[in-house]
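Everything on this sheet refers to the single structure shown next.
In the UniProt record's numbering, the protein residues as written are 1 to 663.
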């Protein structure tokens, strides 16, 4: 989704007229760019004459040499009106020796820049005025509140007031705590107003820089940025001090000076409505518990005579293992979104998604619960057939489970959480051709997640082999369908192939060998490791070489995780200057990420060294797959948090991403 649509969605209706006219500026800039193209085409130019450079010089003329050399710090001493006049003078063209098309274009540029500076000043004035008004109203209210407490302490039962807060209708006017929440919410909305306008202004400045200022570090461009970032609107602290003042007051009067409880109370009230679907989730959870008990009962029940041998389940085991892995992936996605929302990591802007259809953990849990119910029903049917309770073929319920998953995931109707399914399917298909097209953060992220889903993908290849084989060839690991077959290795290789060419693509278009080519080297090492593993299956004598390649590729990937993907080891505490999570989260995840990265060691150990559950290839594959999905979910938390703060790999043009609003 384009930022223009995101910007419109984030607008507060009451303040609509005070937002930056983002779409109009884009239209004007495109108009100027088209005139520049027209001038280049219609007027012969010499190799020494660059129109955009001439335009920059013209716009910057009208200022004497002393003005051009004003030190950076001295500009902070100018008032906003003086700065505005300064930029108007700076934009005055010298037209004595210009031809008509250049005069017209220069006039358009001058008018657009003047209008932009004026509008930025107006937005800043509104922000200052509104902040002052809310603060004054709160101070007046708090004075009345203290007076009421001191004159009539028996009437002011603060705990009853908190209960009254939860009432609707008439309770609204009788609760003092609602007024605290109201002021806190207004300041939060004002912070959101400032942040989204800052991002819009940054994008327009980048458009100016791309179209108008062709020489790096041009004085005019530098001074324009200096003026914008001298406005109080762009201050990083925003309304934090004012909100903290309210939070301290609430903690003092309502929570016995416990600021963390007051903070959670105020932040939780910013949500415009209560989460939906809790009743549905409770119902689905109850059904799952009931089906699980039934499954346990059938597993423990004695088998009838003439039943299928229990080993037959090995034929359809990858179907149940693969589908269960995808269900676990959905659950992990829901947990990740909860953490991102709790710590206000703005995944909506990072993924360039539609805010109206933002991913919600409830939707993830609902979809996972429905699929889990289907999985349990089919497993109950499977066990019943294998034990002789139902007179059907043992692969009937495996087919039912496959058809159910395909129908749920790929049906075109707006059912079964289409808000989650449609963007996921589209992003997955985009990954297939992203190596030869623009690589956005979403495509990179989805492809990276796919590298952790290789075991479910291998199960998919085994399932396809199972569907297209006769009964004698279906036995996994002993028939033609086994995890070492070519298509299984190809399913393992494909995600790393996509990520390798995405990195090469980014290097080609940006020209930055670091980090993109170094990142490509990481995936190339993994590809070599996969190829070695394939040949190791054909020739066991390659075991030592394969283990060495595993060690190299895993160490390479872990170092990249910590330093580049998470941005750690950049501070004296081995973290980084700015973090959004508690420090203990980073230390814990760094250690667990290392352990889980090397979980593959279990597959090379002799069976006698492993617990009984891990000695079979089926059980070990399931455990390793689940551990890798958990590791990727943990990785996602810190990768998105780092992207919210930094822009190491330059997947976006704007350096700053505003925090995710609570509402």
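All C-beta atoms, glycine included, are put in the ideal place defined by N, C-alpha and C.
- Taking a cut-off of 8 Å for Cβ pairs, the segment 635-646 and the segment 608-622 do not touch, as fewer than three such pairs fall below it.
- In this structure, the CA atom of residue 538 is about 57 Å from the CA atom of residue 209.
- Within the same chain, no Cβ atom closer than 6 Å to the Cβ of residue 402 is found once the five residues on either side in sequence are excluded.
- Here residue 343 carries a coil assignment [DSSP, helix/strand/coil].
- By the Cβ-count criterion, residue 195 is buried, with 16 or more other Cβ atoms from all chains shown falling within 10 Å of its own Cβ.
- In this structure, 503 is the residue among 529, 609, 503 with its C-alpha nearest to the C-alpha of residue 440.
- Ranked by how close their Cα comes to the Cα of residue 327, the residues 183, 260, 405, 301 have 405 in first place.
- The beta carbon of residue 453 is closer than 6 Å to none in its chain, skipping five residues each way along the sequence.
- As the crow flies, the alpha-carbon of residue 486 is around 10 Å from that of residue 458.
- Apart from sequence neighbours up to five positions away, the residues of its chain that approach residue 318 with a beta-carbon distance below 7 Å are 459, 462, 463, 476, ordered along the chain.
- Look at residue 16 here: in three-state DSSP terms it is helix.
- In terms of CA proximity to residue 15, 127 leads the group 141, 627, 127.
- By the beta-carbon neighbour count (other beta carbons within 10 angstroms, threshold 16), residue 17 is exposed.
- Assigned with DSSP and collapsed to three states, residue 321 falls in helix.
- Around the beta carbon of residue 436, a 10 Å sphere encloses fewer than 16 other beta carbons of the protein chains shown; the residue is thus reported as exposed.
- Here residue 243 is near residue 184, since their CB atoms are less than 8 Å apart.
- By the neighbour-count criterion, in which a residue is buried when 16 or more other Cβ atoms sit within 10 angstroms of its Cβ, residue 186 is buried.
- Note on geometry: alpha-carbon atoms of residue 23 and residue 422 lie some 27 Å from one another.
- The alpha carbon of residue 556 has as its nearest neighbour, out of 396, 381, 579, 597, the alpha carbon of 597.
- By alpha-carbon distance to residue 603, the top candidate from 594, 590, 620, 588 is 620.
- Taking one beta carbon from each stretch, the segment 487-497 and the segment 338-357 have fewer than 3 pairs nearer than 8 Å; the two do not touch.
- With respect to the 8 Å criterion, residue 124 and residue 266 are not classified as neighbours on the basis of their beta carbons.
- Going by C-alpha positions, residue 389 is about 10 Å away from residue 382.
- Distances from the CA of residue 206 to each of 29, 316, 568, 7 were compared; the closest alpha carbon is that of 29.
- A distance of 8 Å or more separates the beta carbons of residue 340 and residue 367.
- Taking residue 527 as the centre and dropping the five residues before and after it, the same chain places the C-beta of 493, 496, 497, 500 closer than 8 Å to its C-beta, in chain order.
- When the beta-carbon positions are compared, residue 337 and residue 359 come within less than 8 Å of each other.
- Going by beta carbons, residue 450 and residue 369 fall outside the 8 Å limit.
- Scanning its chain for C-beta atoms nearer than 6 Å, with the 5 sequence neighbours on each side dropped, one finds around residue 408 the residues 416, in chain order.
- The alpha carbon of residue 580 has as its nearest neighbour, out of 644, 524, 595, the alpha carbon of 644.
- The Cβ atoms of residue 648 and residue 567 sit closer than 8 Å to each other.
- Separation of residue 132 and residue 364 (C-alpha to C-alpha, rounded to the nearest whole angstrom) is 42 Å.
- If you compare the alpha carbons of 374, 593, 238, 303 with that of residue 284, the shortest gap goes to 374.
- Contact between residue 325 and residue 456 holds, since their C-beta atoms are separated by about 4 Å, short of 8 Å.
- One alpha carbon belongs to residue 3, the other to residue 260, and they sit about 34 Å apart.
- With respect to the C-alpha of residue 550, the residue from 189, 533, 573 having the closest C-alpha is 533.
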